[in-house]
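Reading through the structure tokens given below for one structure.
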Amino acid sequence: MYQAAYQAQFQAESKHHRAVHDNRGGTRRPTALTAIAAAAAMLCAVTGPAHAAPFAAAIAAIAAAPALAVAAADQADIAGSAAAVATAADADTAVTLAGTVHVAGKALNGVDRAKLRLDEVPGGVSVVSQEQVEKGRVFTNEDVLAFQPGVYAQAAGGTDGIKISIRGSAINRGTNFFRSGTLFLFDGLPVTGPGGTPYELFEPLGLSRTEILRGANAFDSGALMLGGAINYVTRTGRDANPFEVRVEGGSYGYRKVAVSSGQVIGNLDYYVAGIASERDGYQQLSQGESRGFIGNLGYKIAPNLETRFYFRYRKTDNYQPGALTVAQVEQDPRQANPVAVAQNAHRNQPGSRWLANKTTWAIDDSSSLEVGLVVHDYPIDQQLAVNVGSWGFADASYSLQYARRDTLFGKRSETKVGALSTNHLNHGWLDTRVRIPAAATASLPVGTLIRRAEYDGEDHILHAGNDLEVAQNLWLTTGVSAVKTKRYTEVVYPVTNEPYNRSTTALAPRAGLRYTFDNDVQVFGNVSRSVEPPNTWAFLTIPPTFTSGPATGLSRRGLDLKDQKANTVEIGTRGRAFDSNWSLSVYRALVKNELLSVEVIPASATSAAITAESNATPTVHQGIEAGLESQLWQGGASGKLSARQSFTLNDFYFRGDAKFGRNTLPGIPKRFYQGELQYEHPGGFYASLSLQAASPIDVDYANSFRTHGYGIVNASFGYDHPSAGWKLFADLRNLANKHYVSSVAPAYNDAGTDQRRSAPGEGFGVYAGIQYAFR
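So the sequence shown is residues 1028 to 1802, counted in the working numbering.
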């Protein structure tokens, strides 16, 4: 009942939006058939005959829809209403500006408003509803980012350090590394700093929605990286329940408990959540635990002025089973790397804190100003090999966003000016101490300091952009960012007196067009430049090394790394037709000095693994991001049947390298598909069947060896009581217990041999949960 009523309400509101805009000028209603047919043909063609079978089976089983493309949103045809939302981070508390379309009746929720706002970006974007995510297990961000075109998010070993790559960003980083290539945000404020993105704070519960802006489509967030930005929007007192408890548990000793509360009390609202989880692990040596707290407090100082404080804390301890060969994964994926077992490898984050404030001021009916401040402290204790790596990092950030809705040359216009600045506080540092005396440290006691390195970095971005309606429903987007970065690193013990310093500046322009037809179809295109400096710690991952003493084999000074830059062209479409929503993006990026990572020497009984960072010769990143959300059957009181699908083509390769020619860049599959068929009954029962399929992954730059492609099938069902506030679910993963590789850590050249580079995905598992909310 509630689902059907809500859908009818949303459709009515969308029609009202379109009616308002139809009154501004003439109406045009060309058919969407051509766009849908093109999307379907392209998606089927790119899979290729060698790998067509699993995708064809998936489409046959899941999509009885008339065409294939993906829907990022229920589209309301509204051009130029971005100023209706003063902040991309928290649409629930945004101040409306002049020209906003006001809808009578029930207001759209935060997810729907975010979809409408992001529909005004001339490129690939999507919004994830947390309500949909919480229909099943919510273990890691792999569960949050599933079914999102262009996003490869895969867990390994059950840890929070999943591999996340968008458009090939951080393509060859393994799991449990600082994330690179994408700007990560909480509520529009940065988590990412000059050292990259630590992952321990990314608890997947406690969210309202997740916004994904791929590539340069994250321009207004201050993101200039190839992968764009992911913005996790936290619940507030305005969309939370006064009391809520959720319990999950299942295979491999998995258990999780979350307790939360949120309310509005006059001009004040709050949200707090405490979350704890544990697991024994699918693999040997993959047990882990986490404890965390999420909270925010908002206060409306005046009708046009609001401030909100945010706080996140989380500590984790994850054991690391290490990498396996492909043959080992396929024969017994539950085993661990024997070196990791012997060294009892694990990574402890003893407690990371993220404290922020965001204040939004509606200056007048046409303009707004948002100011944000962040302090982020994230210590790390790595006990992965013969040495202990104790990291101390803390960042300070500020952001500024000014938006004004006006006219320019007699045309409707919206201008945005912003700044984003992040820097390390008081030098980051890494102390390397003896953990297992061996080789050069054989005679030293445990805990002896053998090297201390210091890091410093600053990233300053000033960006300005404009959206101008140059003709009826045709919008021109222009913008430019100025970037200044600083990097410093030095080994201060043993004393080397060899500091490394560098400072760079760059400009990153962007231009785009979007045209919205009056039948819910939009076409768009953009050109852009991205600029990504190396992480501060990356300069000390490569030779030269110490050749004598206890620090033998460790880097002694930083070597020069250049900023990665790329010029990207993107075209696409999104819209609604035949009870389906779709989006389709096709892009091509010419990348210069791509920042690549390679494992030079694996960990052994006497030495730690050596992973080198370097700039590549020119590379190409091109691909297709597509999918579809379709209502296949509407049976009224008997329920409804729907499908959602996403397909990503990753075509990344060297552009005439002297050694590797046009070899594929290793690290992620070329083709990746996820699809789901779901039945929902108005009484609250739901059930779904889903498929995930991937093509093989190259494991080295020489393309001498690769994993095997795979397909896994999942099922889930549950009951969400329409009014009583409780729900339960059962989630069955990998029904056929398929043994497959989910992630690899690439090497330079394995000469066709099967080396330990791979991490397995989890086998068959059963998970269940119950949630109760007092409303």
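Glycine residues also receive a C-beta, built at the ideal position from the N, C-alpha and C atoms.
**Bounding residues of the alpha helix (DSSP H) (the contiguous stretch that carries Val1353)** = Bounds of the alpha helix (DSSP H) holding Val1353 are Val1353 to Gln1358.
**Asked** From which residue to which residue does the alpha helix (DSSP H) around Lys1142 run?
**Response** Gly1137 to Leu1145
**Item:** Residues near Leu1864 in its chain [Cβ-Cβ closer than 7 angstroms; skip 5 each side]
**Value:** Here the chain has residues from 1028 to 1802 only, and residue 1864 is not among them.
**Prompt:** Within 10 angstroms of its Cβ, does Thr1543 collect 16 or more other Cβ (buried), or is it exposed?
**Reply:** Thr1543 sits buried, since 16 or more C-beta atoms from the chains shown fall within 10 Å of its C-beta.
**Message:** Measuring straight from C-alpha to C-alpha, what distance separates Asp1606 and Ser1657?
**Reply:** 6 angstroms
**Request:** Identify whether Glu1789 lies in helix, strand or coil by the three-state DSSP scheme.
**Result:** In the three-state scheme derived from DSSP, where H, G and I count as helix and E and B as strand, Glu1789 is classed as coil.
**Request:** Look up Phe1204 in the DSSP assignment and say whether it is helix, strand or coil.
**Result:** Of the three classes helix, strand and coil, the one that applies to Phe1204 here is coil, per DSSP.
**Message:** Is it buried or exposed, Ile1292, if we count other Cβ atoms within 10 angstroms and call 16 or more buried?
**Reply:** exposed
**DSSP three-state assignment for Val1160, whether helix, strand or coil** = helix
**Prompt:** By how many angstroms is the C-alpha of Tyr1767 removed from the C-alpha of Val1353?
**Reply:** 8 angstroms
**Asked** Roughly how many angstroms lie between the CA atoms of Ala1367 and Gly1416, to the nearest whole one?
**Response** 15 angstroms
**Residue interval of the alpha helix (DSSP H) (run including Glu1169)** = Asn1168 to Val1171
**Asked** Can Arg1341 and Gly1796 be called in contact, C-beta distance under 9 angstroms?
**Response** no
**Asked** Hey, Phe1205 and Gly1222: beta-carbon distance below 9 angstroms or not?
**Response** yes
**Prompt:** Less than 9 angstroms separating the beta-carbons of Gln1649 and Arg1698?
**Reply:** no
**Item:** Identity of the residue in Asn1553, Gly1710, Arg1194 and Ile1321 nearest Leu1503 by Cα
**Value:** By alpha-carbon distance to Leu1503, the top candidate from Asn1553, Gly1710, Arg1194 and Ile1321 is Asn1553.
**Touching by the beta-carbon criterion (3+ pairs, under 8 angstroms), the stretch 1530–1537 and the stretch 1221–1241** = no
**Message:** Looking at Arg1584: is its Cβ nearer than 9 angstroms to the Cβ of Val1518?
**Reply:** Yes, Cβ-Cβ distance for Arg1584 and Val1518 is below 9 angstroms.
**Environment of His1748 [buried if 16+ CB atoms lie within 10 Å]** = Exposed, by the Cβ-count rule.
**Request:** Give every residue of the same chain whose Cβ lies closer than 7 angstroms to the Cβ of Gln1175, excluding the five residues on either side of it in the sequence, and list them in chain order.
**Result:** Ser1153, Val1155, Ile1239 and Ser1673
**Request:** Report the option in Tyr1226, Asp1266, Ala1183 and Asn1414 whose CA atom is closest to the CA atom of Gly1137.
**Result:** Asp1266
**Message:** Quick check on Ala1098: buried or exposed, where buried means 16 or more other Cβ atoms within 10 Å of its Cβ?
**Reply:** Unreliable placement is indicated for Ala1098, whose pLDDT of 33 sits below 50; the coordinate value is still reported in the next sentence. It is buried - the Cβ of Ala1098 has at least 16 other Cβ atoms within 10 Å.
**Cα-Cα separation between Phe1791 and Gly1666, rounded to whole angstroms** = 29 angstroms
**Message:** From the DSSP secondary-structure annotation, give me the bridge partner or partners of Ala1774.
**Reply:** Glu1626 and Asp1727
**Request:** Let me know if Asp1187 comes out buried or exposed under the rule of 16 or more other beta-carbons within 10 Å of its beta-carbon.
**Result:** It counts as buried.
**Asked** Where does Gln1311 fall in DSSP's three states?
**Response** coil
**Asked** For Ala1243, is the classification buried or exposed, using 16 other Cβ atoms within 10 angstroms of its Cβ as the cut-off for buried?
**Response** buried
**Request:** With a 10 Å radius around its C-beta and 16 neighbouring C-beta atoms as the bar for buried, classify Asn1820 as buried or exposed.
**Result:** With the chain running from 1028 to 1802 in the structure shown, residue 1820 is simply not present.
**Message:** So, with DSSP's three-state summary, where would you put Val1413?
**Reply:** coil
**Request:** Pull up the distance between the alpha-carbon of Ile1321 and that of Val1178, whole angstroms please.
**Result:** 26 angstroms
**Stretch-stretch touch, CB-based, cutoff 8 angstroms, three pairs: the stretch 1773–1789 with the stretch 1258–1275** = no
**Item:** Enclosing alpha helix (DSSP H) for Gln1370 [first to last residue]
**Value:** Pro1365 to Gln1370
**Asked** Where Glu1333 and Tyr1326 are concerned, what is the direct C-alpha to C-alpha distance, given to the nearest angstrom?
**Response** In a straight line, the C-alpha of Glu1333 is about 6 angstroms away from that of Tyr1326.
**Message:** Quick check on Gln1661: buried or exposed, where buried means 16 or more other Cβ atoms within 10 Å of its Cβ?
**Reply:** Classification for Gln1661: exposed.
**Request:** With a threshold of 16 other CB atoms inside 10 Å of the CB of Lys1686, please say whether the residue is buried or exposed.
**Result:** With fewer than 16 Cβ atoms within 10 Å of its Cβ, Lys1686 is classed as exposed.
**Message:** Please state the DSSP three-state secondary structure of Thr1263.
**Reply:** coil
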